[in-house]
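J.: FYI, in the numbering used here the residues of the sequence shown are 2 to 140.
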Amino acid sequence: MLSIALIAHDRKKDEMVNFVTAYEHVFEGHKLYATGTTGTRIMANTKLNIHRFMSGPLGGDQQIGALVAKNEMDLIIFLRDPLMAQPHEPDIIALLRLCDVQGIPCATNIATAELLVRALDRGDFAWRELVHKYKPGIE
């Protein structure tokens, strides 16, 4: 079971709901997280159970970032709206930087999300299970 975060900017929420609905069979059986409204909308349209954090501008991106920093997140699908200024842009950049630091796959558009979810469906994320198995304890 992998930990997967689902985040979508306002103009990308419908796209996220449609995407997760199409791949509901892949997402079930994994631990799902989402920022506020995105999680609510996905749960209203699927049978998936999602742990919801605050909305992105209120700290939800940072809450997910905290899990990434501890290497407790395995995959992030973050459908960003590159044509709309975001008031919490520094939080978004920090989250993406943490993904790069920890080597966490992060899709920021639907094409990359499609590739990652198909890889997840094939079992190509088994290497993340090894990361958790051999994760060193905090001293």
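Virtual Cβ for every residue (Gly too), placed ideally from N, Cα, C.
Less than 8 Å between the C-beta atoms of residue 107 and residue 126, yes or no?
T.: Locating residue 107 in the sequence shown gives position 106, counting from the first residue. Locating residue 126 in the sequence shown gives position 125, counting from the first residue. No.
J.: Label residue 52 either buried or exposed according to how many other C-beta atoms from any shown protein chain fall within 10 Å of its C-beta, with 16 as the threshold for buried.
T.: To locate residue 52, count along the sequence shown from 1; it is residue 51. Result: exposed.
J.: Please report how far the alpha carbon of residue 12 lies from the alpha carbon of residue 40, in whole angstroms.
T.: By 1-based counting over the sequence shown, the position of residue 12 is 11. By 1-based counting over the sequence shown, the position of residue 40 is 39. Cα to Cα, the separation comes out at about 15 Å.
J.: Tell me whether residue 57 is buried or exposed, calling it buried when 16 or more other Cβ atoms sit within 10 Å of its Cβ.
T.: Translated into the one-based positions of the sequence shown, residue 57 becomes position 56. Result: buried.
J.: Using C-beta distances below 7 Å, list every residue in its chain close to residue 89, excluding the 5 sequence neighbours before and after it, in chain order.
T.: For the purposes of this step, residue 89 is taken as the residue at position 88 of the sequence shown. Cβ neighbours of residue 89 beyond the five flanking positions: 57, 58, 62.
J.: Kindly confirm or deny that the stretch 26-39 and the stretch 107-117 touch, where touching means at least three C-beta pairs closer than 8 Å.
T.: no
J.: So the beta strand (DSSP E) residue 32 belongs to, where does it begin and stop?
T.: Along the sequence shown, one-based indexing puts residue 32 at 31. Residues 32-35.
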